[in-house]
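*Asks:*
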Amino acid sequence: MGEPGALFVAAFGLLVLAGLSHFIKNSVANGTLDRNSEIGLRTKATTSSDAAWTAGHKAAGGWLSTCSYTGYLMGTATFAGALAAIATNSVHPLVWLLPATGFVGAVVLLVLATAIASKAGKNATRFSHGDGSGSLDRNIE
36 MGEPGALFVA AFGLLVLAGL SHFIKNSVAN GTLDRNSEIG LRTKATTSSD
86 AAWTAGHKAA GGWLSTCSYT GYLMGTATFA GALAAIATNS VHPLVWLLPA
136 TGFVGAVVLL VLATAIASKA GKNATRFSHG DGSGSLDRNI E
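Counting from 36, one number per residue, gives the positions in the sequence shown under my numbering.
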């Protein structure tokens, strides 16, 4: 396959990752991605109830958007690097920083999104069970 081919594969991987992040964010926003779906930010907290699922994904929505933008940008840049490698018949070593940075950035953003979703899911579950932690039902003396 050669180095330009590997760059095309990396670009494709980044674009798929970006597309999935975008799909998850938009599907939850539209109400079309339910808790029993095979994709999403699936943690113990977010899968505990429909309210936790929705709250978690809405809280993580900005991070999912940033992940998708990162993937789209770095995937497109990697694709351009692959085209440049074909045109010049060589791959500059720094071109490999594009997919590496893209994948590391996307994974970090997904980990952050998952942590935020999990926390929001726990809060939604706690609030819906009325245990008093964050609930508006507290007795005021």
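Cβ atoms here follow ideal geometry from the backbone N, Cα and C, with glycine treated the same way.
Cβ-heavy atom distance between Gly91 and the ligand COA below 7 angstroms?
*Replies:* The ligand COA is not among the ligands present in this structure, which contains no ligands whatsoever.
*Asks:* On the CB-based measure, 16 or more other CB atoms within 10 Å of its CB, does Val130 come out buried or exposed?
*Replies:* Buried, by the Cβ-count rule.
*Asks:* Which residue wins for smallest C-alpha separation from Val146, given the options Ala135, Thr123 and Leu99?
*Replies:* If we check each option's Cα against that of Val146, Leu99 comes out closest.
*Asks:* To the nearest angstrom, how far is the alpha carbon of Ala159 from that of Tyr104?
*Replies:* The straight-line gap from Cα to Cα measures roughly 28 angstroms.
*Asks:* In three-state terms, what does DSSP make of Gly156?
*Replies:* Correct three-state label for Gly156: helix.
*Asks:* Within 10 Å of its beta-carbon, does Val63 have 16 or more other beta-carbons around it, so buried, or fewer, so exposed?
*Replies:* Buried.
*Asks:* For Gly56, tell me which candidate among Gly96, Thr136 and Phe114 has the shortest Cα-Cα distance.
*Replies:* Note on residue identity: the sequence assigns Ser, not Gly, to residue 56. The candidate whose alpha carbon is nearest that of Ser56 is Gly96.
*Asks:* Report the rounded CA-to-CA distance for Asn65 versus Phe138, giving the unit in angstroms.
*Replies:* So the two alpha carbons sit approximately 27 angstroms from each other.
*Asks:* Can you tell me whether DSSP reads Ser72 as helix, strand or coil?
*Replies:* Coil.
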